[in-house]
Amino acid sequence: MSDLIRRQPSFNISMLLTESLEKDEHHRIATYARWLDERHMLWLQPNLAKYRDFLLNEYLGRDGKPLSPNSVKAHLSSIRGRYKALLRDNDTRDRLYNMTPQDASPSDRKALVDEVLKRLSNAIEPQTAPVKVVTRQDVRDDEHLRLTSSQASQLMAMPGTTTLLGLRDTTVIALMLCTGIREAELCALDVPDLRQRLGGALSLHVREGKGSKERLIPYGELEWSLAIADRWMENAGIGKGPVLRGFYKGGKAVRSTRLTVRAINQILERYPIMIDGELRKVHPHDLRRTYARRLYEAGMDLLAIRDNLGHADSRTTLKYIGTMDVDQRKPPTVYNFDLSSLVSSNNTGE
63 MSDLIRRQPS FNISMLLTES LEKDEHHRIA TYARWLDERH MLWLQPNLAK
113 YRDFLLNEYL GRDGKPLSPN SVKAHLSSIR GRYKALLRDN DTRDRLYNMT
163 PQDASPSDRK ALVDEVLKRL SNAIEPQTAP VKVVTRQDVR DDEHLRLTSS
213 QASQLMAMPG TTTLLGLRDT TVIALMLCTG IREAELCALD VPDLRQRLGG
263 ALSLHVREGK GSKERLIPYG ELEWSLAIAD RWMENAGIGK GPVLRGFYKG
313 GKAVRSTRLT VRAINQILER YPIMIDGELR KVHPHDLRRT YARRLYEAGM
363 DLLAIRDNLG HADSRTTLKY IGTMDVDQRK PPTVYNFDLS SLVSSNNTGE
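Each position in the sequence shown, counted from 1, maps to that position plus 62 in this note's numbering.
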């Protein structure tokens, strides 16, 4: 996947800053990039109105004093100028192209890039943006992401596996996609929980499920996710205790304490994916929904999915599976009729 995403959380700075900037412009854009990073926001989704409010109400200049209105205008002008330069730069287009689904056709990938650049341009100069009406079917269900198999694979590839941080984040994503566990259940995992048995099948042990209920989730053919977790634990020197942990400042030394639910959300926010020409943030429950949907489409029994997810009611599981698109809702051939037995309407017969 693209370096644009993989280098988070510093990717905003690396993308927006350049050596050719003058000293004042460099300071203004660096301040903006840090503001984005601190809020886990993307340079591709600017909110200059929100940033203007920050400059006016919270930010103190290098002299320790609030900025004047003219200084705020200068900050915003520098940022707009940098964005316009990025929009003209072919390297920006190349980076975005590398983020698009690899199994899409070149023309579709180019169209996605064009759409993202148009959205970015409209965000920088909203007064020039056309008003567009978009109609969607099944709007209620559309608010929740259910990744395709290709999108899920892309998401798992984003953190990379060449660093401890990347391995840890890949483990988080892989375990959630391959077992459907909740973020709190993921945080509670200890090393022995990764390898338990259910009827002889290698399974994940959820010790602290919702309502204090334990359950075992067979890995099945998704057992490969354990190889990722094993590599993370080996490189991090984890032999017992919590599987998933944070880092000390600097990102090299691993803490002994387990990750929090908030940390899981922040990890996923680092890796937005391109869906329908738009970068979308992925939330933990989106991965649970993805697990339910993909297993259901693969033919797994609804009750088995319910048990794996830890639901008390199958109706809840159906909500996770979600509304099928039109092609999936077309029934297969389950009945047959001998059409040759039909007679012409003018052959009435007695």
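Even for Gly, the Cβ is constructed at its ideal location relative to N, Cα and C.
Please report the distance separating the alpha-carbon of residue 130 from that of residue 140.
Cα-Cα distance, rounded: 16 angstroms.
Can you tell me whether residue 241 is buried or exposed, with buried defined as 16 or more other CB within 10 angstroms of its CB?
Per the 10 Å Cβ criterion, buried.
What does the Cβ neighbour count give for residue 370, buried or exposed, with the cut at 16 atoms within 10 Å?
Label assigned to residue 370: buried.
Can you name, in chain order, every residue of its own chain whose Cβ lies under 8 angstroms from the Cβ of residue 420, other than the five neighbours on each side?
Residue numbering for the chain in the displayed model covers 63 to 412; residue 420 lies beyond these limits and cannot be assessed.
Are the stretch 313-329 and the stretch 220-236 in contact at 8 angstroms, needing three or more beta carbon pairs?
Yes: the two stretches touch, three or more of their Cβ pairs being nearer than 8 angstroms.
By DSSP, does residue 325 sit in helix, in strand, or in coil?
In this structure, residue 325 counts as helix in the three-state DSSP scheme.
Please report how far the alpha carbon of residue 76 lies from the alpha carbon of residue 82, in whole angstroms.
Taking the straight line joining both Cα atoms gives about 13 angstroms.
How would you label residue 324, buried or exposed, when you count the other beta carbons within 10 angstroms and need 16 or more for buried?
With fewer than 16 Cβ atoms within 10 Å of its Cβ, residue 324 is classed as exposed.
Considering only residues of the same chain and omitting the five flanking positions on each side of residue 192, which have a CB-CB separation below 6 angstroms?
The predicted model places residue 192 with a pLDDT of 49, which falls under 50 and marks its position as unreliable; any figure quoted below should be read in that light. Cβ within range, chain order: n/a, list empty.
According to DSSP, is residue 76 part of a helix, a strand, or is it coil?
In the structure shown, residue 76 sits in a helix (DSSP, three-state: H, G or I).
Put residue 194 into one of helix, strand or coil per three-state DSSP.
For residue 194, the pLDDT reaches just 44, beneath the cut-off of 50, and the residue's location in the model is therefore unreliable, although a value from the coordinates is still provided. Residue state, collapsed to three classes: coil.
Should the stretch 170-185 be regarded as contacting the stretch 144-162, the criterion being three or more beta carbon pairs within less than 8 angstroms?
Yes, the stretch 170-185 touches the stretch 144-162.
Locate the beta strand (DSSP E) running through residue 157, then write down its first and last residues.
Premise fails: residue 157 lies in the alpha helix (DSSP H), 152-161, not in any beta strand (DSSP E).
Which residue marks the beginning of the alpha helix (DSSP H) containing residue 91, and which one marks its end?
Start and end: 85-100.
Please give the ranges of any alpha helix (DSSP H) in the stretch 195-250, keeping only runs that are unbroken, at least 4 residues long and fully inside the region.
Qualifying alpha helix (DSSP H) stretches, in chain order: 201-204, 211-219, 226-241 and 245-249.
Measuring CB atoms only, is the stretch 271-282 touching the stretch 359-375, in the sense that at least three cross pairs come out at less than 8 angstroms?
Judged by Cβ distances under 8 angstroms, the stretch 271-282 makes contact with the stretch 359-375, as three or more pairs qualify.
How is residue 267 classed by DSSP in three states: helix, strand or coil?
Three-state DSSP puts residue 267 in a strand.
Got a sec, what are the start and stop residues for the alpha helix (DSSP H) residue 300 sits in?
Note, residue 300: premise wrong, no alpha helix (DSSP H); not H, not E.
In the DSSP assignment, find the unbroken alpha helix (DSSP H) run with residue 168 in it and report its ends.
Residue 168 -> alpha helix (DSSP H) spans 168-186.
Considering Cα atoms alone, identify which of 119, 183 and 115 is closest to residue 148.
For the residues 119, 183 and 115, the minimum Cα distance to residue 148 belongs to 183.
By Cβ distance below 8 angstroms, which residues in the same chain neighbour residue 124 in space, the five residues on each side in sequence not counted?
Result list for residue 124: 89, in chain order.
Tell me, which residues are paired with residue 309 by DSSP?
Note: residue 309 sits in a beta bridge opposite 316.
From the DSSP secondary-structure annotation, give me the bridge partner or partners of residue 260.
263, per the DSSP bridge assignment.
Got a sec, what are the start and stop residues for the alpha helix (DSSP H) residue 371 sits in?
Counting along the chain, the alpha helix (DSSP H) containing residue 371 begins and ends at 364-371.
Leaving out five residues before and five after residue 74 in sequence, what residues of the same chain have Cβ atoms less than 6 angstroms from its Cβ?
These residues qualify, in order along the chain: 95, 98, 99 and 105.
Alpha carbon to alpha carbon, what distance is there between residue 378 and residue 218?
One C-alpha to the other measures close to 26 angstroms.
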